[in-house]
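Worksheet: one structure, shown below.
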Amino acid sequence: MPLESLPGTDDLDWHPLHPRFVRRLLLGAVVRVLVIGTVGFLAHLLTTGGDSTALGLLADRILPVAIAGLGLFAALTIVWPVIAVPRRGYVVRDNDILYRTGVLWRSVVAVPFNRVQHTKVDSGLLDRRFGLANLSVFPAGTEGHKIRGLGADTAERLRVYISERIEAEAAGPGDEPDSPPTDAAATPIHDPSAEDV
């Protein structure tokens, strides 16, 4: 079989992550930058203390470099989600689920349903605040794969669908689950919570 006739991932209808996932990552980034900046500022105050000792003079020379480093870190941390999230996505096909990530280094992970042992949906404090959840899929013999930034309803429906597929594989042919439609790659799973963005 010629390699050109094999299906590629570029031809698939990739489903984007939830639009609020960018805002959730931005809020987390701002909190991290504020915490690191506050700790750095307090450390500077404690080391200088208004005196002209060698430690104080060294701290005064390091301060501009630290501020520049924090500014660069803040810019990258805040801009990165805006660049990275649109390049992530997932596809549910008849026999597997695909997840793509990466800006500089791209990767596509395919998890066949007949290899999945169990699934899990989880959400942290910020995830719940934004109505988001993460779907973890655990195939046999490898580490789990996590799809972050799904709408909570979408993550749960995907978990149920994959669990039904696992049960159908164990039961044998002819016992296929009803949802999503058989052509899941062409028919996106509708996420009603994505409409209130």
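Residue numbering for the sequence shown follows this note's numbering, starting at 10 and increasing by one per position. Just so it is clear, CB atoms sit at the ideal spot from N, CA and C, and this is done for glycine as well. All figures in this text were calculated on a predicted structure; none of them were measured in a lab.
- In the displayed model, residue 177 falls within a helix according to three-state DSSP.
- A direct Cα-to-Cα measurement between residue 52 and residue 155 gives close to 37 Å.
- The secondary-structure analysis by DSSP pairs residue 148 across a beta bridge with 125.
- When DSSP assignments are scanned along the segment 65-130, the uninterrupted stretches of beta strand (DSSP E) that are 3 or more residues long and fall wholly within it turn out to be 98-101, 105-110 and 116-121.
- The segment 86-100 makes contact with the segment 20-28; the number of CB pairs closer than 8 Å reaches 3 or more.
- Only residues of its own chain outside the window of five on either side were considered, and among them 135, 136, 138, 139, 141 and 158 have a CB closer than 8 Å to the CB of residue 33, listed in chain order.
- The Cβ atoms of residue 27 and residue 133 lie no closer than 8 Å to each other.
- Between the beta-carbon of residue 168 and that of residue 130 there is about 5 Å, and that keeps the pair under the 8 Å contact cut.
- Counting other Cβ atoms within 10 Å of its Cβ, residue 125 reaches 16 or more and is therefore classed as buried.
- Less than 8 Å divides the Cβ of residue 35 from the Cβ of residue 90.
- A direct Cα-to-Cα measurement between residue 47 and residue 111 gives close to 31 Å.
- If you draw a 10 Å sphere on the C-beta of residue 164, you find 16 or more other C-beta atoms in it, and that means buried.
- Looking from the CA of residue 105, the closest CA among 85, 172, 84 and 87 belongs to 172.
- With contacts defined by Cβ atoms closer than 8 Å, residue 146 and residue 128 form a contacting pair.
- Of the other Cβ atoms in all chains shown, fewer than 16 fall within 10 Å of the Cβ of residue 88; this residue is therefore exposed.
- Going by C-alpha positions, residue 77 is about 41 Å away from residue 151.
- Looking from the CA of residue 73, the closest CA among 96, 49, 93 and 114 belongs to 49.
- The continuous beta strand (DSSP E) containing residue 159 extends over residues 154-160.
- Between residue 85 and residue 143, the alpha-carbon positions lie close to 24 Å from each other.
- By the neighbour-count criterion, in which 16 or more other beta carbons inside 10 Å mark a residue as buried, residue 115 falls on the exposed side.
- For the set 44, 170, 162 and 109, the Cα lying nearest the Cα of residue 93 is the one of 109.
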